[in-house]
Every structure is written in C-alpha cells, then in structure tokens.
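Presented below is the structure to which this report refers.
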Amino acid sequence: MFARMAGVLRAWTRVAEQQPLLTLALTNGTLGGVGDVLAQAIESHNTKKPFHWNYRRTLRFVAWGALCAPIFHRWYLFLNRTFPLPVAQQQKQISTTLNTAFMTAVVKRVTADQCIYAPLGIAGFFVAMNFMEGRDWTSAKVRLREYYWPTLMANYAVWPAVQAINFGFVPPIYRVPFSSVVSIFWNTFISWANARSADAIDIPLESPHTHVEPHHRHPVDHKV
22 MFARMAGVLR AWTRVAEQQP LLTLALTNGT LGGVGDVLAQ AIESHNTKKP FHWNYRRTLR
82 FVAWGALCAP IFHRWYLFLN RTFPLPVAQQ QKQISTTLNT AFMTAVVKRV TADQCIYAPL
142 GIAGFFVAMN FMEGRDWTSA KVRLREYYWP TLMANYAVWP AVQAINFGFV PPIYRVPFSS
202 VVSIFWNTFI SWANARSADA IDIPLESPHT HVEPHHRHPV DHKV
C-alpha cells in the first residue's frame with residue numbers, strides 16, 4: 022500500500038513539475054470538493070436527516086479551490102523570495118545563528134500570510150460564494166458582517182501552526198498540496214460557516230446546516 026502511495030506521489034510530482042499551475046488547480050479543486058461533501062455528510066448526521074448530496078454547492082467549492090491554487094502558488098513563491106530560508110540550514114548545518122535565522126524567516130512568512138493573505142482570502146471566499154449562489158451585493162455585505170470575524174478567528178486558531186510547518190519544512194512543490202490536505206478539514210468548517218451564513222440572511226437553504234455562532238444571534242436587519 023505504501024509503495025503504491027509513493028508511486029502515486031512520484032507520478033504527481035513529475036506532472037506538477039511540468040504543469041504546476043494546472044496540476045495544483047486540479048488537486049486543490051478536488052480536495053475542496055471533498056471537504057464540502059464531508060461537511061454535507063456531517064450536517065446530515067447532526068440534523069438526523071437523510072444525506073442528500075447538493076452537487077451544485079460542491080461544484081462551487083471545486084471552482085473556488087481551483088481558482089485559488091495558482092494564487093497560492095504565486096503567493097508562496099513571493100514569500101520564498103521575500104523571506105528566504107538560510108541555505109546552510111537547508112543543508113543540515115546546525116548552529117545557534119542559523120537556527121535563529123531559520124525561525125525568523127519562518128515567523129516572517131507566517132506573519133505575512135496571516136496578516137495579508139488570510140483576511141483577504143476569507144473575505145474573497147464569502148463574496149465569491151455569494152455571487153456564485155446568484156445573490157446580490159446586499160446579501161454579501163450581510164454575510165461578511167455576520168460571519169467574517171468568527172471565521173477569521175477560527176482561521177487564526179488553526180493556520181498559523183499549519184503554515185509554520187508548511188513554510189519551514191515542506192518542499193515548495195508540495196506546499197499547496199500540503200495546505201490542501203489540511204484544507205479538507207478547514208473546508209468542512211468553512212463550508213458549514215458559509216451555509217449557515219445563508220440561513221442568517223433568510224435565504225432558503227439548499228441543505229440542512231449545523232450551527233456556527235455569528236456575532237449577533239438576533240435576526241439580521243436587511244437594511245445595509
């Protein structure tokens with residue numbers, strides 16, 4: 022089994038080296054869809070209702086994942102260039118100075134990622150999903166107002182540690198897939214949050230949804 026998995030990884034690596042953007046887009050889109058299907062299954066279980074696959078919702082997550090993969094890739098390359106890891110550290114030459122330089126570079130990468138990309142990416146997610154669902158800008162503003170900060174705070178509980186491992190120890194070609202695998206579980210949460218946000222603005226739900234705590238528990242004023 023492990024030999025087969027290693028063979029698949031080698032084959033993926035060869036293709037990714039030849040067509041990085043296309044390979045990463047297909048991989049990230051697929052894993053985004055897997056995360057949404059898992060979210061729907063959990064929602065169905067929690068509401069005690071039969072599972073009914075909302076394939077349109079899953080396709081939206083596939084599209085979002087595929088769209089974001091090339092952006093991730095370019096962003097990670099930018100972080101590599103801007104905050105390079107010390108070469109000697111990569112060659113396993115250990116010293117206090119090199120370890121300090123290594124940790125400093127990783128912290129800078131994580132800080133930039135979480136202070137710049139994460140806030141913009143989460144906002145972009147809610148806005149993109151809103152319009153892919155055929156809703157207007159008013160509903161997008163309500164959705165952002167109610168669910169942006171809870172989702173961003175949840176992001177900060179998970180992704181700084183994940184990205185510290187990713188930026189410090191994962192080879193560049195595998196960084197997007199690494200974050201995509203973790204994103205299966207993150208997408209389960211964010212799919213749940215997005216679905217709950219549709220409920221918060223009194224839009225008929227496409228499937229049952231578990232509860233995510235918004236800022237306000239009272240009905241949302243539609244006058245934005």
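To convert, count from 1 in the sequence shown and add 21; that's this note's numbering. Note that the Cβ used here is the ideal one computed from N, Cα and C, for glycine as well. Small disclaimer: the values here were computed from a predicted structure and weren't measured.
Beta carbon of residue i nearer than 8 Å to that of residue j
i: residue 144; j: residue 85; result: no
i: residue 201; j: residue 49; result: yes
i: residue 190; j: residue 130; result: no
i: residue 55; j: residue 74; result: no
i: residue 205; j: residue 37; result: no
i: residue 147; j: residue 166; result: no
i: residue 87; j: residue 42; result: no
i: residue 140; j: residue 173; result: yes
i: residue 133; j: residue 80; result: no
i: residue 197; j: residue 45; result: yes
Where residue i falls: helix, strand or coil (DSSP)
i: residue 199; result: helix
i: residue 105; result: coil
i: residue 72; result: coil
i: residue 27; result: helix
i: residue 22; result: coil
i: residue 192; result: coil
Terminal residues of the alpha helix (DSSP H) in which residue i lies
i: residue 40; result: Per DSSP, residue 40 belongs to no alpha helix (DSSP H) and is neither H nor E.
Proximity test, residue i beta-carbon vs the ligand MG heavy atom, cut-off 7 Å
i: residue 170; result: With respect to the ligand MG, the structure shown offers nothing to examine, as it has no ligands at all.
Q | Inside the stretch 123 to 170 only - alpha helix (DSSP H) runs reaching at least 4 residues | A | 139 to 153
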